[in-house]
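In the numbering used here, the protein residues as written are 23 to 445. Glycine included, every Cβ here is placed at the ideal spot set by N, Cα and C. Let me begin by presenting the structure, written as structure tokens, before commenting on it.
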Amino acid sequence: MEESWQDLLVAMQEIRWEDAIPQVVVLVFAGVAAFYLHRLIGRRTAADSYGVRHFTRRSIQRLAFPISMLLVVLLGRALLSALNQAHWALDLAVPLLISFALIRILVYMLRKGMRRGPLFKASENVISILIWGVVGLHLVGLLPGFLEAMDSLAVSVGDLRISLLEVIKLLLLMGLVLVVAIWLSGLIERQLLRSPYLSPGRAVGFSKVSKLVLITVAALSVLNLVGIDLTALAVFGGALGVGLGFGLQRIASNFISGFILVFDRSIGPGDVVSIGDKFGWVVALHARYVVVRNRDGVETLIPNENLITTEVINWSYSDPNVRLKIPVTISYGDDVEHAMAIIVEIAREHPRVISEPAPACRLTEFGDSGIQLEARVWVADPSAGVGNVRSDINLEIWRRFKQEGITIPFPQQDLYIKEMPAK
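This is the structure we're talking about:
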């Protein structure tokens, strides 16, 4: 360690600062060229906002600044070297630019595969700290000694020697492979959801399977790459089975129920459902739960197991059309047929009421306060709400009845007091 610091101090004392001028010129020129190239690619990316082409252009845009600046710096360093000029500043810039490019592409892949939250923020910070830490140790000459110190911290299990360095390498390799697997699964999911040949439920199902397969293959590949015998995982699999039988039973049940819901197409994104006292439309299907949003914007997380074991009303399962029944009461002295014709006319004029099946009005009961009528209309888009349709039709019925002189009676009871004859 002390020798590395001494070498660094000696190197700094030997620097001739007048040699920095051409290097600064190269760095400034590289930065300006990289900036304009980054802006040019950014404008072209905005015109293509979706799909694999968008991802490719976005990746190129994020790498354009550090990579183009790196190429100019390398060219400038080669030119200064040919002219026997010093290029120590450019030597320092090369690993910094490589690290910058690596951080940008890894964070972008992480952003495309993970949902924003504390875990994403922590992963982003870990990637930046690790890469900049390694580069910093390399620049000051402490990296070899640091690696040797970590390698010396080891334990032996039989003939197997496990050092801290090997554990960190395994974790870093596992993290890198998982980031790539998560990014690939996110890319596949977006493409499946945009496919016109797959229903939303099937697209979600295939995306879940692809994500599970990619992460499993990535983990097993890393373990095999570092020389771990995969047959030893049989013991772990047995322990996991015991854990599932006890503490993880409900989690496993929800996970499996999620695949059942997806592949039997009983519920999918966009479906309007009633689950107990919850009514709304399905926003998303996850491995453990389903997100249902009501008209107030409140999202309820319902475990997948509940959707398998309890009764669920899917208003748009086989046919998106739903029928609304709107009760109306008129007085006994009004023209019943005229009132029914007005109600049907109002229903036909509503923009969300479909013409086939046609709106209808039925006389259902002779009530205590008046004659009970019922408007029956069909709506094709229940996800846009049914209460607003009911309100619009009721309001228009109130207006038209006032114009036509038709009375909507209020409940009333007449009390007659009869005197009993004296005995």
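Can you tell me whether DSSP reads residue i as helix, strand or coil?
i: R61; result: helix
i: L114; result: helix
i: T386; result: strand
i: Q45; result: helix
i: F301; result: strand
i: E426; result: helix
i: L307; result: strand
i: V162; result: coil
i: K143; result: helix
i: S243; result: helix
i: Q434; result: coil
i: V447; result: No answer is possible for residue 447: the residues shown for the chain start at 23 and end at 445.
i: S288; result: coil
i: S90; result: helix
i: M131; result: helix
i: H109; result: coil
i: K440; result: coil
i: R216; result: coil
i: S275; result: helix
i: A100; result: helix
Mind checking who residue i pairs with in its DSSP beta bridge?
i: T322; result: V314
i: S207; result: Per DSSP, none; premise fails for S207.
i: Q394; result: T351, E387
i: S296; result: F301, I335
i: W400; result: R345
i: S178; result: R183
i: V375; result: V401
How many whole angstroms separate the CB atoms of residue i and residue j, which I take to be in contact at a CB cut-off of 8 Å?
i: A306; j: P291; result: 6 Å
i: S338; j: P404; result: 6 Å
i: I368; j: R422; result: 6 Å
i: A111; j: A55; result: Incorrect: roughly 17 Å between the Cβ atoms, too far for contact.
i: A115; j: L49; result: 6 Å
i: W372; j: I415; result: Reading the sequence as shown, one finds His at residue 372 and not Trp. Right, their Cβ atoms sit about 6 Å apart.
i: S391; j: Q434; result: 6 Å
i: V313; j: E321; result: 5 Å
Please list, in chain order, all residues of the same chain as residue i whose beta carbon is under 8 Å from its beta carbon, the five residues on each side excluded.
i: S446; result: Any question about residue 446 goes unanswered here, given that the chain covers just 23 to 445.
i: I330; result: S279, I282, L283
i: A406; result: R374
i: V244; result: L192, L195, M196, V199
i: G298; result: T332
Excluding the 5 residues preceding and the 5 following residue i in the sequence, name in chain order all residues of the same chain whose CB lies nearer than 7 Å to its CB.
i: S103; result: H109
i: V157; result: P117, L118, S121
i: I125; result: I149, S150, I153
i: F301; result: N316
i: L236; result: A203, L206, S207
Return the chain-ordered list of same chain residues with a C-beta closer than 6 Å to the C-beta of residue i, the five sequence neighbours on each side being excluded.
i: P310; result: Just to set this straight, residue 310 is Arg in the shown sequence, not Pro. Only N276 meet the Cβ criterion.
i: V12; result: With the chain running from 23 to 445 in the structure shown, residue 12 is simply not present.
i: L186; result: M172, L175
i: A52; result: M91, V94, V95
i: K233; result: S207
i: V399; result: L346, A369, V375, P381
i: P349; result: E396
| task | For the segment 348 to 366 and the segment 427 to 438, state whether three or more C-beta atom pairs, one from each stretch, are separated by less than 8 Å. | result | Taking 8 Å as the limit for Cβ pairs, the verdict is that the segment 427 to 438 does touch the segment 348 to 366.
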